[in-house]
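If you read the sequence shown in the working numbering, its first letter stands for residue 72, the second for the next number, and so on. Notes for the one structure printed next.
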Amino acid sequence: ENMVSAEVDEVRAEADEIEPGWSQVIWRQAMQYHQMLKQRQEAEENARKAMAAQKAAEAKKLTPEEEAKMKEDAAEKAAKELLQAEEREKDGKKAFKESGIKKGFLSGKK
72 ENMVSAEVDE VRAEADEIEP GWSQVIWRQA MQYHQMLKQR QEAEENARKA
122 MAAQKAAEAK KLTPEEEAKM KEDAAEKAAK ELLQAEEREK DGKKAFKESG
172 IKKGFLSGKK
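See below:
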């Protein structure tokens, strides 16, 4: 801390030697310049992060071929499920016919 304070005093003395009264102004200008550089670095970092996020999002997007394949697979699955449902319905009707239960067997009991 002492070393930094000594350095600051030395720089202010040099600034006054170059231009009288400049030591008061130089620190304000230096801080403004420092803030400007810091903001520029942050903006560049944010731009890099945004670009990386965009590339990651584009990488996740499916190609048209992959989308078509997924749609085709979904259609095949739906068709398979329909066929299975029809087979279950047929099996149910067949089992009902073979069970020996006649239609209207409940209607005779009044």
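Cβ atoms here follow ideal geometry from the backbone N, Cα and C, with glycine treated the same way. Computed from a predicted structure; not experimentally measured.
### Query
What three-state label does DSSP hand K148 in the structure shown?
helix
### Query
Along the chain, which unbroken stretches of the alpha helix (DSSP H) at least 4 residues long are found entirely within the region 86-128?
none
### Message
Going by beta-carbon coordinates alone, are I97 and A84 separated by less than 7 Å?
### Response
no
### Query
Would you report the Cα separation of Q106 and Q112, rounded to the nearest angstrom?
10 Å
### Query
According to DSSP, is L133 helix, strand or coil?
coil
### Query
Taking the C-alpha atoms as reference points, what is the distance between A127 and K120?
10 Å
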